[in-house]
Amino acid sequence: MHSFENVCVLVTGAGRGIGKRLAIGFAQKGARVGLLARSKAELDLTQLEIDHSGGTANEVVAPVICTNGAVCAATA
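Going left to right, the sequence shown walks through residues 4 to 79 as my numbering numbers them.
Following this line, the structure appears as structure tokens:
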């Protein structure tokens, strides 16, 4: 499988489901992951799983469906 060492990845919907699994998978492969979702509680759990696996991630709570959410994600 491809290594993502020194690569930054932004995952929307990172609080649950496919987005969460992708975020954890990218982190396990060495990526620095930006976690984006509407629910802080769900992002906290994803962040905790990534931290415990030795990965690196940062959370941004914002809906992507509006312009302000996209701007928040881009500047975080």
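Backbone N, C-alpha and C define an ideal beta-carbon position, used for all residues, glycine too.
These numbers were taken from a predicted model, which means no experiment stands behind them.
Neighbourhood of residue i by C-beta distance below 7 Å, restricted to the same chain and skipping five residues each side
i: K23; result: A17, T49
i: R19; result: E45
Cut-off 6 Å between Cβ atoms - residues of its own chain near residue i, not counting five sequence neighbours on either side
i: C11; result: R35
i: F84; result: Absent from the structure is residue 84, since the part of the chain shown begins at 4 and ends at 79.
i: G37; result: L13, N61
i: K43; result: V64
i: T59; result: R35
Proximity below 8 Å, CB of residue i to CB of residue j
i: L46; j: A65; result: no
i: I53; j: I21; result: no
Contact test: residue i Cβ vs the ligand ATP heavy atom, cutoff 7 Å
i: T15; result: With respect to small molecules bound, the structure shown includes none, and the ligand ATP cannot be examined in it.
Residues that residue i bridges to, as DSSP identifies them
i: R35; result: C11, T59
i: A65; result: A65 is not bridged to any residue.
i: A40; result: V64
Contact with chain C by residue i, beta-carbon distance below 8 Å
i: A30; result: The displayed structure is made up of one protein chain only, and chain C is not part of it.
Residues of its chain near residue i, where Cβ-Cβ distance is below 8 Å and the 5 sequence neighbours each way are ignored
i: S56; result: I27, A30, Q31
i: R41; result: G18, V64, A65, P66
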